[in-house]
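Residue numbering for the sequence shown follows numbering that gives the first Met the number 0, beginning at 0 and increasing consecutively. Where is the CB? At the ideal position from N, CA and C, for every residue including glycine. Keep in mind the model is a prediction, meaning the values are calculated, not measured.
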Amino acid sequence: MIEPLPDTTYTIPPLYRESFFAGDSLLHPELTVRPSGLYSQRIVNSFAQEDGVVIAFILMAALLIILFRLGGREIANRNKLLFLIFPSVAFALSAVLVFPDLTAQTTGAHSSYIVWGILSVCLSATMVFRVILYWMINRVFFTWTQCTLWQKIYTKVLFLETVFSVLLLASILYLSVPFQVVLWMSALLLISPKIMLLYHTKQIFFPDFYGTFQIIVYFCALELMPLLICWYIFVRVMGSFV
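Following this line, the structure appears as structure tokens:
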């Protein structure tokens, strides 16, 4: 006679999203211990739709590490890798989160994975568009030495923005974070790199006191325009899901 398996019910911590940990999952098997088969074997490793989200974030973190390890001190190599990594990440997220065959259980108007997946793709596209826009404007109005020095600062800012964005999205996906906390986290993690970029841009391109107005126009135009385009695309795309 086969003895019944002991109760292995896992209590989900209060901050975790229960919907995320509701089904079988490869990356958190302690939640999926269940009897199966003739001899009640424990099947703990089964791929779930939610694992695609986790794997996408892990791949993004790994690509960022490769970006700044292989690039070394050569900014040109980093920029080449940036143009390869961000479109790749955007494609991976869209494939995992939007493609119906891979997300049969998570597609729908009320799915948080769809919302954050589309937002991640929009943010990645915004970063690429902003890099191209900065490169075009700087090459026209400023010297090569100024552009090279500024590019070193901007690469660090872009790295910080990407890491902070990934951490912010991951915390929202995994945890039941209050909306007020999300706003404070967004302000702290995403605005602080902008302040650093604004300061160094002022010192490199507009060192004179009378350049204050120019830096405001320059910075606001090149920062706000990609964000507004990103927000417009996000709203239009989300409108098709509602």
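Taking residue i as the reference, which of the options has the closest Cα?
i    : options             : result
W157 : P206, F205 and I194 : This sequence places Leu at residue 157; Trp is not what is there. Cα-wise, what sits closest to L157 is I194.
P192 : P177, L223 and I152 : I152
L159 : S185, V120 and L221 : S185
Do residue i and residue j have their C-beta atoms within less than 9 Å of each other?
i    : j    : result
T200 : W149 : yes
L189 : F163 : yes
P225 : F128 : yes
T161 : C229 : no
I203 : Q145 : yes
L166 : V181 : no
Y217 : I136 : yes
Can you confirm whether residue i, when its beta carbon is compared against all beta carbons of chain C, has any partner nearer than 9 Å?
i    : result
E160 : No chain C appears in this structure, which consists of one protein chain only.
| Minimum length 4: unbroken alpha helix (DSSP H) runs contained in the stretch 146–205 | 178–185 and 191–204
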